[in-house]
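Numbering (my numbering), first residue to last: 12 to 584.
Everything on this sheet refers to the single structure shown next.
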């Protein structure tokens with residue numbers, strides 16, 4: 012019975028594959044298909060025939076990304092302020108109801124009672140942590156699936172989904188603020204639910220990087236990723252100032268949420284109706300054929316291991332558990348048909364990425380440490396944030412492009428569709444990282460390690476600011492690492508790879524704040540700088556891993572091509 016069930020499903024999958032192949036031209040050229048589903052560059056990419064305003068380009072995505080990043084930065088403080096006002100009202104309503112005038116608006120509560128007390132601060136921390144955990148867990152469940160799905164159906168729709176999720180999240184904050192007398196505070200978790208199911212910011216970044224990979228040649232990819240990182244840090248640096256100014260001028264914290272909802276709605280409409288798709292129908296069909304073949308291979312293996320005595324319910328349960336396993340997306344980090352150097356580099360790059368990802372959860376501890384040791388207020392915290400963001404903008408926008416130009420020379424100017432055609436001509440084989448990628452990664456890890464060690468040793472605010480500036484100069488690491496990762500997989504696996512990276516980022520969004528927060532709470536009385544030494548050690552560990560990275564040689568590329576041909580022949584027989 013179980014064999015019949017699996018056989019029927021395999022038949023359905025092969026029907027899908029046949030339908031995909033029927034869409035390809037049948038006459039006029041010889042098709043040579045590789046194991047990744049790619050076809051030698053004898054098929055014309057449909058993007059070549061598009062009008063200029065429908066052709067995919069990096070600059071179609073940069074302007075809206077700047078606005079969304081700025082609004083993300085602008086909403087950081089208002090979200091916490093709104094949570095604080097709501098929790099302050101609830102606290103005094105429960106413990107001292109006589110102190111509050113029931114006719115006061117939410118904004119006026121902080122003027123009548125003291126909301127800056129440890130009990131309310133603890134509640135804010137718990138609520139914020141709960142929302143972040145829910146969003147992180149749900150985005151971990153969805154981001155990798157959206158990434159792999161985008162290889163077969165296009166990059167625009169994951170971006171559209173994340174904008175809709177962000178819009179609904181903004182709407183929930185507005186509803187709770189306007190109807191706080193009737194809506195419970197827990198309604199904020201509905202917004203986190205929508206945001207997480209849509210993939211959240213991690214899925215948006217994965218789709219953005221995948222779009223960029225489709226239209227930018229490998230030699231310029233690190234610079235292109237750097238532009239998006241530059242927009243992100245500029246938004247984080249400028250957003251809080253913009254948010255504070257607007258809230259002060261309007262005397263209404265909801266102004267930011269209305270503006271954020273408007274920006275997200277405009278970006279969603281722009282993505283659905285105006286943004287050119289970076290993947291042609293040919294590329295999507297290639298990825299679809301590869302996906303069908305991978306599914307068939309896994310089910311063949313499962314069928315061989317299936318006990319004939321198993322019931323239909325047992326087989327269905329096993330299939331359900333397989334689909335629910337979010338970690339299966341990490342298979343892309345362990346390719347079977349790549350050269351040994353490609354496989355080794357990919358594993359090392361993933362390990363380095365995990366070390367760098369731990370930085371994401373350190374900002375809260377940095378602020379708490381500075382407030383404790385140097386008695387910083389909001390102004391000094393803003394200075395540090397602007398310093399880190401500003402130094403990263405300078406490095407990514409000024410220094411990185413110059414270094415790439417000096418080392419790699421002037422790249423021939425090619426349109427995105429010409430890049431796609433060039434990818435097809437070389438069969439989409441991974442080319443691996445070059446020495447510039449490797450040394451940029453090593454240098455950024457060293458800078459990051461020195462930066463956190465400097466923060467741990469700092470005795471004055473100036474020394475702490477110096478550590479923040481050094482951390483900013485390590486900003487080349489993330490875009491270069493993301494670029495290097497995309498060079499170690501087939502073009503039809505780009506979305507799957509970046510979706511798996513988004514999965515790791517989502518899990519880290521939950522794990523690292525808990526780890527660092529818990530460690531800081533244990534050591535704050537005696538050795539508050541322990542967290543900084545831990546992060547510096549992680550960065551040093553990443554540097555040690557980077558010493559194992561090697562540039563892909565011609566022999567490795569030849570072996571990769573031979574493996575590709577062997578797999579092709581195995582599918583023919």
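A virtual CB, placed ideally from N, CA and C, is assigned to each residue, including glycine.
Report the option in the options whose CA atom is closest to the CA atom of residue i.
i: residue 257; options: 245, 270, 552; result: 270
i: residue 502; options: 198, 195, 163; result: 163
i: residue 175; options: 528, 506, 393, 282; result: 282
i: residue 448; options: 228, 480, 493; result: 493
i: residue 159; options: 519, 533, 555, 509; result: 509
i: residue 154; options: 337, 179, 543; result: 337
i: residue 454; options: 469, 78, 194, 491; result: 491
i: residue 369; options: 394, 523, 214; result: 523
i: residue 468; options: 98, 192, 341, 381; result: 381
i: residue 296; options: 504, 408, 347; result: 504
i: residue 475; options: 554, 398, 253; result: 398
i: residue 288; options: 511, 219, 549, 551; result: 219
i: residue 471; options: 184, 548, 383; result: 383
i: residue 179; options: 168, 170, 206; result: 206
i: residue 275; options: 177, 247, 266, 307; result: 177
i: residue 496; options: 74, 93, 144, 361; result: 361
i: residue 196; options: 135, 213, 167; result: 135
i: residue 290; options: 367, 170, 161; result: 161
i: residue 124; options: 133, 149, 139, 95; result: 95
i: residue 101; options: 247, 130, 82; result: 130
i: residue 342; options: 107, 515, 254, 210; result: 515
i: residue 518; options: 356, 419, 245, 372; result: 372
i: residue 80; options: 307, 215, 374; result: 215
i: residue 301; options: 72, 507, 466; result: 507
i: residue 246; options: 172, 268, 87, 93; result: 87
i: residue 483; options: 357, 451, 402, 513; result: 402
i: residue 339; options: 357, 151, 211; result: 151
i: residue 249; options: 464, 366, 520, 400; result: 400
i: residue 189; options: 93, 367, 284; result: 93
i: residue 485; options: 460, 350, 473, 466; result: 460
i: residue 450; options: 344, 251, 265, 557; result: 557
So, with DSSP's three-state summary, where would you put residue i?
i: residue 52; result: Residue confidence for residue 52 is low, a pLDDT of 43 falling below 50, so the modelled location carries little weight and cannot support an answer.
i: residue 303; result: helix
i: residue 66; result: coil
i: residue 485; result: coil
i: residue 272; result: helix
i: residue 228; result: coil
i: residue 14; result: Residue placement at residue 14 is poorly supported in this model, since its pLDDT is 38, which falls under 50; the coordinates are not used for a value here.
i: residue 579; result: With a pLDDT of only 42 at residue 579, under the threshold of 50, the placement of this residue in the model should not be trusted, and no figure is reported.
i: residue 266; result: helix
i: residue 10; result: Not covered by the structure: residue 10. The range shown for the chain is 12 to 584.
i: residue 502; result: helix
i: residue 535; result: coil
i: residue 181; result: helix
i: residue 96; result: helix
i: residue 255; result: helix
i: residue 476; result: helix
i: residue 445; result: coil
i: residue 36; result: Any reading at residue 36 must be qualified, since the residue scores a pLDDT of 39, below 50, and its modelled position is unreliable; the value itself is stated next. It is coil, neither helix nor strand.
i: residue 124; result: coil
i: residue 336; result: coil
i: residue 195; result: coil
i: residue 45; result: Note that residue 45 scores 46 on pLDDT, short of 50, meaning its location in the model is unreliable and no value can be drawn from it.
i: residue 599; result: Absent from the model: residue 599. The displayed extent of the chain is 12 to 584, so no value can be given.
i: residue 545; result: helix
i: residue 524; result: helix
i: residue 437; result: For residue 437, the predicted structure reports a pLDDT of 49, less than 50, and the residue's modelled location is therefore unreliable. The matter cannot be settled from this model.
i: residue 562; result: coil
i: residue 81; result: helix
i: residue 412; result: helix
i: residue 353; result: helix
Would you grab the beta carbon distance between residue i and residue j for me? Rounded to a whole angstrom, and I think it's under 8 Å.
i: residue 90; j: residue 157; result: Actually they are not in contact, since the Cβ atoms of residue 90 and residue 157 sit about 24 Å apart, beyond 8 Å.
i: residue 221; j: residue 166; result: 5 Å
i: residue 443; j: residue 563; result: 3 Å
i: residue 181; j: residue 278; result: Actually they are not in contact, since the Cβ atoms of residue 181 and residue 278 sit about 12 Å apart, beyond 8 Å.
Give a yes or no on whether the minimum CB-CB distance between residue i and chain B is below 7 Å.
i: residue 96; result: Here chain B cannot be found, since the structure has a single protein chain.
**Prompt:** Do the segment 220–228 and the segment 66–85 make contact, defined as three or more Cβ pairs closer than 8 Å?
**Reply:** A contact exists between the segment 220–228 and the segment 66–85.
**Prompt:** Do the segment 400–411 and the segment 239–251 touch if we need at least three Cβ pairs shorter than 8 Å?
**Reply:** yes
**Asked** Looking at C-beta atoms only, is the number of pairs between the segment 143–154 and the segment 518–533 that lie closer than 8 Å three or more?
**Response** yes
**Request:** Inspect the CB distances between the segment 456–464 and the segment 551–561 and report whether three or more fall short of 8 Å.
**Result:** yes
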